[in-house]
């Protein structure tokens, strides 16, 4: 897949809902790394992907990509993991060689580097995703021919059936904002472990707290989507957010809100 870049001249004036704006130095940094994405991708082994995110354009932050490991394209959103790190103002700029699992069972090796301007402000994220499955399959085939492999050695890509549900704890490589929001909502609801109809205020407050930590409320229409999922009004969600912000426990419990 060839590298594709955005027209920065037409987008530089767009305000970001994340409060991350590009400085002149940030503009130059992104321009340089946009040009590096393709040669970097071509220098990596097969089944590798290089992605550049412009953080001022979050959530639809991908501005350059080379490779097709995750099937994404320019204009697609960030992952839930990147969103969460930014919402926590994570100061660690390097996250190397962590494992994530795709819905089809493939295990990726991923690394993320946050790029900052001279003022120390985050302006971009450079991500590399590699799928080692082809090499694992080659090793397994060679071991089989030598009589050194057994069923326990079968590569995960051979063993795992295709599923539409993301594995627990995996990074979500989504195609649009709605999918990202639904992923974050689903995971937070599952962690609380109760059907919405059975939730009391403390449970719904816990869901909102988890969603806030994951950066959901940095997305457009997140309050409305959360209100719909929890069967409350958007004003209730705002109240929950204020309560969390003030770090005050819920003063009363109720079976419905």
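In the working numbering, the protein residues as written are 872 to 1128. Just so it is clear, CB atoms sit at the ideal spot from N, CA and C, and this is done for glycine as well.
- The alpha-carbon separation between residue 934 and residue 946 amounts to approximately 6 Å.
- A direct Cα-Cα distance of roughly 27 Å separates residue 896 from residue 914.
- Around the beta carbon of residue 1017, fewer than 16 other beta carbons lie within 10 angstroms, which makes this residue exposed.
- The DSSP assignment places complete alpha helix (DSSP H) segments of no fewer than 4 residues inside the stretch 911–994 at 951–958, in order along the chain.
- Put simply, the backbone Cα of residue 1055 is about 7 Å away from that of residue 1087.
- Secondary structure note for residue 1051: its alpha helix (DSSP H) is the uninterrupted segment 1048–1063.
- Taken atom to atom, the span from the alpha-carbon of residue 997 to that of residue 1069 is near 42 Å.
- Distance check between residue 918 and each of 938, 1104 and 981 places 938 closest, using alpha-carbon atoms only.
- Burial is judged here by how many other beta carbons sit within 10 angstroms of a residue's own beta carbon; residue 944 has fewer than 16 and is exposed.
- The C-alpha of residue 908 is placed about 27 Å away from the C-alpha of residue 1089.
- In the DSSP assignment, residue 1101 is bridged to no other residue.
- Cβ-Cβ distances below 6 Å link residue 1108 to 1094, 1097 and 1098 in the same chain, with the five nearest sequence neighbours on each side left out; the list follows chain order.
- Going by DSSP, residue 1075 is part of the alpha helix (DSSP H) stretching over 1072–1084.
- A residue is called buried once 16 or more other Cβ atoms fall within 10 Å of its Cβ, and residue 920 is buried on that count.
- A contact is defined here as three or more CB-CB pairs under 8 Å, and the stretch 950–969 meets this definition with respect to the stretch 1045–1063.
- Going by C-alpha positions, residue 1045 is about 11 Å away from residue 973.
- C-alpha of residue 916 to C-alpha of residue 978: approximately 16 Å in a straight line.
- Nearest Cα to residue 1059 within the set 1076, 1048 and 1047: 1076.
- Taking C-beta atoms as the reference points, residue 1074 and residue 1065 count as a pair closer than 8 Å.
- A direct Cα-Cα distance of roughly 21 Å separates residue 963 from residue 948.
- Taking the Cα positions, residue 989 is about 11 Å away from residue 899.
- A distance below 7 Å between beta-carbons, with the five flanking residues on each side excluded, links residue 966 to the following residues of its chain, in chain order: 982 and 983.
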